[in-house]
Amino acid sequence: MNIPNAIKRNAMDSSLEITIRVGKLGINDSVIDELKQQLKKRKLVKVKVNQGVANGSSERKELFSLISSSSESTLVFQRGNIAVFWSGM
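Heads up, the sequence shown stops at 97 in our numbering, and the numbers go up one at a time, no gaps.
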């Protein structure tokens, strides 16, 4: 999917607040449902994963792609343990 430049810029903006935090229990249905609900209300949702949940960059990439596919969203931006998802509309 081709992501518009305006969406990419907004995703990288530090003023975009983290609205979902993934704790030590990891990804579950309630996290995915919350992300879907937030994506209905806003274009971009910022997610932070606690450091103990995914160790290493490859695990984080895998985790974020799992979140993206489960929530039917697009991963726009990732840096460390923070990712921004787009509804794609």
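Heads up, the beta-carbon is just placed ideally off N, CA and C, and yes, glycines get one too.
Closest residue to residue i among the options (Cα-Cα distance)
i     : options                    : result
Glu70 : Lys54, Asn89, Leu52        : Asn89
Leu24 : Asn36, Leu52, Leu43, Ser76 : Leu52
Ile28 : Arg68, Asn63, Gln45        : Gln45
Gly31 : Glu67, Val61, Trp94        : Val61
Status (buried if at least 16 other CB within 10 Å, exposed otherwise) for residue i
i     : result
Ala14 : exposed
Lys54 : buried
Ser77 : exposed
Leu74 : exposed
Ser38 : exposed
Leu43 : buried
Ser81 : buried
Ser65 : exposed
Leu83 : buried
Arg87 : exposed
Arg17 : exposed
Proximity of residue i and residue j at Cβ, strictly below 8 Å
i     : j     : result
Leu47 : Ser22 : no
Met20 : Phe85 : yes
Lys49 : Ile26 : no
Ile40 : Trp94 : no
*Unbroken alpha helix (DSSP H) runs of length 4 or more, entirely within the stretch 9–91: which are they?*
13–20, 37–49, 65–79
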